[in-house]
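The sequence shown finishes on residue 237 if you use the numbering used here, and the numbering steps up by one all the way, no holes. Idealized CB from N, CA, C, for every residue including glycine. Remarks on the structure that follows.
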Amino acid sequence: MIKPIFKYFEEIDSTNLEAKREGEAGAPEFTVISAGTQTAGRGRSGHTWISPKKISVATSMLLYPDGIPMEHLPRLTIIAGVAVAEAVEELYPLKTQIKWPNDVLIDSKKICGILTEMEAENGHAKQVVCGIGVNVHQKKEDFAPEIRDMATSLDLEMSGQQASRKAITEAIWQHFLKHYEVFRTNGGSLEGILDSYNSRLANKNKRVRVVHQIHDFEGIALEMDPNGRLLIKKDDGTITAVDSGEVHVRGLYGYA
């Protein structure tokens, strides 16, 4: 079993940035950077990921993904989502769901953010950094008013019981590396996580609208396939696979 190398900072600009710096300095693969506070944490699409002092997990892993086709590396965010869900359920009496492709939910509210960044050279991935942020000790008032009904923390969902940032960090990477080994062996296929993923799929058997730049359509979400695509049964009975890089999937009838 792969064992990560953990490095902890009380305060840092961004765990992803530090992991990149570690990689450029020749750090070993599976180096994990975690922090009590991030002053410049980042989320998807350039959004800021706020990491207040010691109430969230902020952690990033450095990877040198030899043997995995570069076009398959974005699937690491899906593996990270499964790892978070499994770690939470291993440690705490909570039920998680995953909204395709990689939003981890508890009671339909988002619990974490995931950002995977890649540096390529001559058509090959030089290094990949997978960053994960998990809401742990936040109270309701710690969330901005516009997201209070959409976000939650482990402590909020456990009604007073306090979660451990250290325990959840270690469990996440344990589950991640278990799946990463299979992912690498399989050349970038997600076959190894399908059961775990699809059993938690929040979109499953829900009516959704697929928003595409060419045309929109509606249908029933079925499951994720080994390529990370969501299978949709359209109203005419045909089944189509949609890729997260090309479309947005929105729930209907109040479903997020």
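Beta-carbon proximity list for Phe(-10), same chain, < 6 Å, skipping 5 on both sides = Ala16, listed in sequence order.
ask   = Excluding the five sequence neighbours on either side, which residues of its own chain have a C-beta within less than 8 Å of the C-beta of Asp136, listed in chain order?
value = For Asp136, where only same-chain residues beyond five positions count, the Cβ hits under 8 Å are Val117, His118, Gln119, Lys120, Gln142, Gln143 and Ala144.
request  = Would you please state the rounded distance, in angstroms, between the beta carbons of Ile92 and Val115? I believe it to be under 8 Å.
outcome  = So it is a contact: roughly 6 Å between Cβ atoms.
ask   = Is His118 helix, strand or coil when you go by DSSP?
value = Of the three classes helix, strand and coil, the one that applies to His118 here is coil, per DSSP.
ask   = At what residues does the beta strand (DSSP E) containing Ile49 begin and finish?
value = Ile49 -> no beta strand (DSSP E), and no H or E assigned at all.
message = Between the alpha carbons of Ile220 and Lys147, how many angstroms are there, rounded?
response = If you take the alpha carbons of Ile220 and Lys147, they lie about 43 Å apart.
query = To the nearest angstrom, how far is it from the Cα of Tyr236 to the Cα of Lys185?
reply = Only weak support is given to the placement of Tyr236: the predicted model assigns it a pLDDT of 40, under 50, and the question is left unresolved by the model.
request  = Count the other CB atoms, across all protein chains shown, that sit within 10 Å of the CB of Pro50; report buried if there are 16 or more and exposed otherwise.
outcome  = Counting Cβ neighbours within 10 Å, Pro50 comes out exposed, since fewer than 16 surround it.
request  = Please classify Met205: is it buried, with 16 or more other beta-carbons within 10 angstroms of its beta-carbon, or exposed?
outcome  = Buried is the call here.
message = Taking DSSP's pairing of strands, which residues face Tyr(-11) in a bridge?
response = DSSP output for Tyr(-11) lists Ser15 as bridge partner(s).
ask   = With burial defined as no fewer than 16 other Cβ atoms inside 10 Å of the residue's Cβ, what is the status of Arg129: buried or exposed?
value = It is exposed - the Cβ of Arg129 has fewer than 16 other Cβ atoms within 10 Å.
task = Run the CB neighbour count on Thr166, radius 10 Å, all protein chains shown included, and call it buried at 16 or more, exposed below.
result = Flag for Thr166 reads exposed.
ask   = Going straight from the alpha carbon of Ile36 to that of Ile149, what length do you get?
value = In a straight line, the C-alpha of Ile36 is about 12 Å away from that of Ile149.
query = Name the DSSP bridge partner or partners of Thr221?
reply = For Thr221, which the question treats as bridged, DSSP gives the partners Ile213.
request  = Check the DSSP bridge columns for Gln78 and list the partner residues they point to.
outcome  = Gln78 pairs with Leu86.
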